[in-house]
Amino acid sequence: MDKLSSIDKLDRKILSIVMHNARIPSKDIALECGVSRAAIHQRIQRMIELGIITGSGYSVNPKLLGYSTCTYIGVNLERGAMYRDVVQELEKIPEVIECHFTTGPYTMFIKLFVRDNEHLMELLNNKIQMIPGVTGTETLISLDNSIQRHIPLVQ
């Protein structure tokens, strides 16, 4: 049985609620779903164990912490097989918040937040481009984040 078929209509309703407000109390979810708090807790726990729910926490506004520039960097490697080694080095750079192994013009695509262009240049020249196996980078600076949402739930 795949994970998708292991969730029912109630699970989908619970997911819909917590995807939009992860801090909502279980009692409020239970009230909205018409079931007990224990049932909500059990279902959320099961979805965590299945890997359907993969995290919890707060979303933080990077700009209010001094990171005013969101940047995407396409990274090319000598060989695609070097990906895991390069990832280990990128993990040492706290400003890197996402890393993807991709098809297309780049071997990897990373997302990072920096304070300003000077900070970006320092990371590029002294850290990212110095990682063994990195042969080139292309930098794209995000001017605005117009859409940010959760994936739709498949029915």
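Following this note's numbering, the numbering of the sequence shown begins with 464 at its first residue and continues without gaps. Glycine is no exception: its CB is placed at the ideal position from the N, C-alpha and C atoms.
*asked:* Assuming contact is defined by CB atoms lying nearer than 9 Å, are Leu473 and Arg506 in contact in what I supplied?
replied: In this structure, Leu473 lies near Arg506, with their beta-carbon atoms less than 9 Å apart.
*Between Pro525 and the rest of its own chain, which residues show a CB-CB distance below 6 Å, the 5 nearest in sequence each way excluded?*
Phe576
*Straight-line Cα distance separating Val549 from Arg542*: 11 Å
*Specify the secondary structure class of Tyr535 as computed by DSSP and reduced to three states.*
strand
_Pick from Arg547, Leu478, Tyr521 that is closest to Ile594, judged by C-alpha positions_ = Arg547
_Closest to Glu581 by C-alpha separation, out of Lys574, Tyr569, Thr532, Gln611, would be which residue?_
Thr532
*Who are the Cβ neighbours of Tyr530 in its own chain at under 8 Å, not counting the five residues just before and after it?*
Glu558, Phe576, Val577, Arg578
*Shorter than 9 Å from the beta carbon of Met482 to some beta carbon of chain D?*
Here chain D cannot be found, since the structure has a single protein chain.
*Just grab the DSSP bridge partners of Met571 for me.*
The partner list for Met571 (beta bridge, DSSP) reads Val538, Phe564.
*What residues in its chain sit with their C-beta under 6 Å from that of Ile536, if we drop five residues either side in the sequence?*
Ile573, Thr600, Thr602
*asked:* Let me check understanding here. Comparing Cα to Cα, which of Thr534, Glu585, Leu586 lies closest to Asp607?
replied: Thr534
_7 Å Cβ shell around Ile487 - same chain, five flanking residues per side excluded_ = Ile480, Val481
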